[in-house]
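Report on the following structure.
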DNA sequence: CGTCTATTTGAATGTACTCAAAAGCGGTGG
DNA sequence: CCACCGCTTTTGAGTACATTCAAATAGACG
């Protein structure tokens, strides 16, 4: 069932033969993570691409005032990593944490390189993931400069429809870039309208 | 002289033989751009990596209220492109414009692919450029969420030391994400201090 | 049940924006 | 060479969006 999910995810972008599928799945490691476990800390080198089977992870940074800023959430069927650190193999700026008990499939940097050698189609797959990350980042920069908190909240809801009800409001506030207090007021204003 | 500049730029990351250098330079096109000329418009497909020899370009988006947001400046010795569109060859969201009379060296997407075939070292070079773009975007998201306009201005000054005096304030304001009016007040407050 | 964290509410404040108008500055044509 | 035009920059006054700090309330979990 975990393997089914990841193979489905990949088949959206490339087609694999049965043999290629088993080569791929042979490189994966299954990993359980308890809620609140830190998977990657700021300053560490990111060694894995992580695919979320169940649960949910988040990546975030901590600013000089100790305030956390959520970069990304990863509900089931999403990939997560500190892309910069993963690509460069240099220390990264992000922390990654399980916000629920989670089940992950790990693909190490080494295995990923092997995959490129044996099944070049995977170059395409991971290139597409990188492109999507880059495009999302670009868009977010523009959104943060041109939209109100309310509009950014709407974008959040479209991007993570499954998370709206399960996630602590605090985390959503941190993602869209406002304080929990302001987020609370904003929501009650929205409810009064529609 | 233009070729010297771009070869120096590349030699920071990879070493080329004389023969490789001439293969590379043979793929470049020289291009003059008059001030205020649009080089790439939103919705177009980005077909070139652009290296700035002299002058200066900027990339920006226009939001739904018609307000421009500067994504990046490219003074001499910098590369510029709509990275997302260049990589995917899909329509992009950025505009790129010459803000001074400029002299460019163009490397078409096709030539870039050829380069990868004949001189694989260039894979490394352009991978590093992409990584830097990704890292810069990630950092900017965090900066926009956690820093004041004044702190973002300081970062701008470090990133583009040569542009502080030559660029219209308007453009700097747009890059750091404030109105020209607020930027003006901010600067006069800074002068009063030190 | 008690404790710890998340959420809400209130009041005061701050940061940045809008709109309007004046002043400065640079290029162009007469 | 200067006058004018258009664009940038500054200044002022009023306002909006979002924050801070404090305190009360509500939920979740052992």
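Residue numbers (the numbering used here), protein chains in the order written: chain A, 34 to 227; chain B, 34 to 227. By construction, the Cβ of each residue, glycine as well, lies at the ideal position given by its N, Cα and C atoms.
**Asked** Between the segment 178–210 of chain B and chain A, which residues of the former have a C-beta closer than 7 Å to a C-beta of the latter?
**Response** 178, 179 and 210
**Item:** Backbone secondary structure at residue 182 of chain A - three-state DSSP
**Value:** Within the first chain, numbered from 1, the residue matching residue 182 of chain A stands at position 149. Here residue 182 of chain A sits in helix by DSSP.
**Message:** Could you pull the DSSP bridge partners for residue 93 of chain A from this structure?
**Reply:** For the purposes of this step, residue 93 of chain A is identified with residue 60 of the first chain, where counting begins at 1. DSSP output for residue 93 of chain A lists A:103 and A:128 as bridge partner(s).
**Message:** What does the alpha-carbon distance come out to for the pair residue 171 of chain A and residue 170 of chain B?
**Reply:** Here residue 171 of chain A refers to the residue found at position 138 of the first chain. Here residue 170 of chain B refers to the residue found at position 137 of the second chain. Distance between the alpha carbons of residue 171 of chain A and residue 170 of chain B is about 7 Å.
**Request:** Taking residue 56 of chain B and residue 152 of chain B to be in contact with their CB atoms under 8 Å, please state how far apart those CB atoms are, rounded to whole angstroms.
**Result:** In the second chain, counting from the first residue as 1, residue 56 of chain B sits at position 23. In the second chain, counting from the first residue as 1, residue 152 of chain B sits at position 119. Right, their Cβ atoms sit about 7 Å apart.
**Request:** Apply the 10 Å Cβ neighbour rule to residue 76 of chain A and answer buried if 16 or more other Cβ atoms are within range, or exposed otherwise.
**Result:** Your numbering for residue 76 of chain A matches position 43 in the first chain. With fewer than 16 other Cβ atoms within 10 Å, it is exposed.
**Asked** Between residue 82 of chain A and residue 66 of chain A, what straight-line distance do the alpha-carbon atoms span, to the nearest angstrom?
**Response** Residue numbering aside, residue 82 of chain A sits at position 49 when the first chain is read from its first letter. Residue numbering aside, residue 66 of chain A sits at position 33 when the first chain is read from its first letter. Residue 82 of chain A and residue 66 of chain A: Cα-Cα distance of roughly 15 Å.
**Asked** Straight-line CA distance for residue 268 of chain B to residue 100 of chain B?
**Response** Nothing about residue 268 of chain B can be read from this structure; chain B reaches only from 34 to 227.
**Message:** When you compare the CB positions of residue 117 of chain A and residue 167 of chain B, do they come within less than 9 Å of one another, or not?
**Reply:** Here the question's residue 117 of chain A lines up with position 84 in the first chain. Here the question's residue 167 of chain B lines up with position 134 in the second chain. It is a contact, given that the beta carbons lie within the stated cut-off.
**Prompt:** Once you ignore the five residues that flank residue 80 of chain A on each side, which residues in its own chain have a CB closer than 7 Å to its CB?
**Reply:** Against the first chain, residue 80 of chain A aligns to sequence position 47. If we look at residue 80 of chain A and ignore the five residues flanking it on each side, its Cβ neighbours are 141 and 142.
**Listed by chain order, chain B residues near residue 119 of chain A by CB distance under 9 Å** = By one-based count along the first chain, residue 119 of chain A stands at place 86. Per Cβ cutoff of 9 Å: no residues; residue 119 of chain A is ~10 Å from chain B at best.
**Message:** Please state whether the Cβ-Cβ distance between residue 86 of chain B and residue 137 of chain B is less than 9 Å.
**Reply:** As a working note, residue 86 of chain B is residue 53 in the second chain. As a working note, residue 137 of chain B is residue 104 in the second chain. Yes. Within cutoff.
**Through-space distance from residue 93 of chain B to residue 224 of chain A, alpha-carbon basis** = Translated into the one-based positions of the first chain, residue 224 of chain A becomes position 191. Translated into the one-based positions of the second chain, residue 93 of chain B becomes position 60. In a straight line, the C-alpha of residue 224 of chain A is about 35 Å away from that of residue 93 of chain B.
**Asked** Looking at the structure shown, is residue 74 of chain B part of a helix, part of a strand, or coil, going by DSSP?
**Response** Translated into the one-based positions of the second chain, residue 74 of chain B becomes position 41. In this structure, residue 74 of chain B counts as coil in the three-state DSSP scheme.
**Prompt:** What alpha helix (DSSP H) runs, 4 residues minimum, are completely inside the segment 112–156 of chain B?
**Reply:** 116–121 and 142–151
**Message:** Run through the DSSP bridge pairs and tell me what residue 62 of chain A is partnered with.
**Reply:** Your numbering for residue 62 of chain A matches position 29 in the first chain. BP columns for residue 62 of chain A point to A:139.
**Prompt:** Is it the case that the Cβ atoms of residue 68 of chain A and residue 133 of chain A are separated by a distance below 9 Å?
**Reply:** Looking up residue 68 of chain A in the first chain gives position 35. Looking up residue 133 of chain A in the first chain gives position 100. Taking 9 Å as the Cβ cut-off, residue 68 of chain A and residue 133 of chain A qualify as a contacting pair.
**Request:** Use the C-beta contact count for residue 115 of chain A: other C-beta atoms within 10 angstroms, 16 or more gives buried, fewer gives exposed.
**Result:** The residue given as residue 115 of chain A occupies position 82 in the first chain. So residue 115 of chain A counts as buried.
**Request:** Look at the Cβ atom of residue 128 of chain B, then the Cβ atom of residue 178 of chain A, and state whether they are nearer than 9 Å.
**Result:** Start at 1 with the first residue of the second chain, and residue 128 of chain B comes out as number 95. Start at 1 with the first residue of the first chain, and residue 178 of chain A comes out as number 145. No, the Cβ-Cβ distance between residue 128 of chain B and residue 178 of chain A is not below 9 Å.
**Request:** Return the bridge partner residues of residue 84 of chain A from the DSSP annotation.
**Result:** Looking up residue 84 of chain A in the first chain gives position 51. For residue 84 of chain A, which the question treats as bridged, DSSP gives the partners A:112 and A:138.
**Request:** Pick helix, strand or coil for residue 35 of chain A, following the three-state DSSP scheme.
**Result:** Indexing the first chain from 1 puts residue 35 of chain A at position 2. Helix.
**Prompt:** So, is the C-beta of residue 116 of chain B closer than 9 Å to a C-beta in chain A?
**Reply:** By 1-based counting over the second chain, the position of residue 116 of chain B is 83. Closer than 9 Å to some Cβ of chain A, the Cβ of residue 116 of chain B qualifies, so yes.
**CA-to-CA distance, residue 106 of chain B to residue 29 of chain B, given in whole angstroms** = No answer is possible for residue 29 of chain B: the residues shown for chain B start at 34 and end at 227.
**Prompt:** Between residue 175 of chain A and chain B, is there a C-beta pair that is closer than 9 Å?
**Reply:** Walking along the first chain from the start, residue 175 of chain A turns up at place 142. Yes, because at least one Cβ of chain B sits closer than 9 Å to the Cβ of residue 175 of chain A.
**Asked** Closest Cβ-Cβ distance between residue 143 of chain B and chain A: below 9 Å?
**Response** Sequence index remark: in the second chain, residue 143 of chain B carries index 110 (1-based). No, residue 143 of chain B does not count as interfacial toward chain A.
**Prompt:** Any idea what DSSP makes of residue 202 of chain B, helix, strand or coil?
**Reply:** To locate residue 202 of chain B, count along the second chain from 1; it is residue 169. Residue 202 of chain B falls in the helix class under three-state DSSP.
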